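Heads up: the structure comes next, in structure tokens.
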Amino acid sequence: MTKKKNPVLEKKWHEGFEAGRKQGIQDSINYFTKRLMDLEQVPGIGKKTMQKIVDQLGEEYFQMKRKRNKDF
4 MTKKKNPVLE
14 KKWHEGFEAG
24 RKQGIQDSIN
34 YFTKRLMDLE
44 QVPGIGKKTM
54 QKIVDQLGEE
64 YFQMKRKRNK
74 DF
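Numbering (the numbering used here), first residue to last: 4 to 75.
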């Protein structure tokens, strides 16, 4: 016979798992945002190319940059 799981511990485990998942997503966004912040400084990447990159990857990676610099 299998032992019945403790519902309190199981609930806490799921809460922790969900918190970790959300933190992982936010950490990923922060990581890529940091890496992409200076991308337009690379020779050959102008405003048009940068806009294509933003369109492809999604606005959420560039929101912090847009708040500080509305020029791209």
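For glycine and all other residues, C-beta sits at the position ideal for the given N, C-alpha and C.
These numbers come from a predicted model, not from an experiment.
Buried/exposed call for residue i, threshold 16 Cβ in 10 Å
i, result
"Y34", "exposed"
"F65", "buried"
beta-carbon residue i near the ligand ATP non-hydrogen atom, thresh 7 angstroms
i, result
"F65", "Although the ligand ATP was asked about, the structure shown includes no ligands whatsoever."
DSSP-derived helix/strand/coil call for residue i
i, result
"I32", "helix"
- [ ] Could you pull out every unbroken alpha helix (DSSP H) segment of at least 4 residues lying fully inside the region 12-61, listed in chain order?
- [x] Qualifying alpha helix (DSSP H) stretches, in chain order: 50-60.
Any contact of the region 16-26 with the region 40-56, i.e. 3+ C-beta pairs under 8 angstroms? Short answer: they don't touch.
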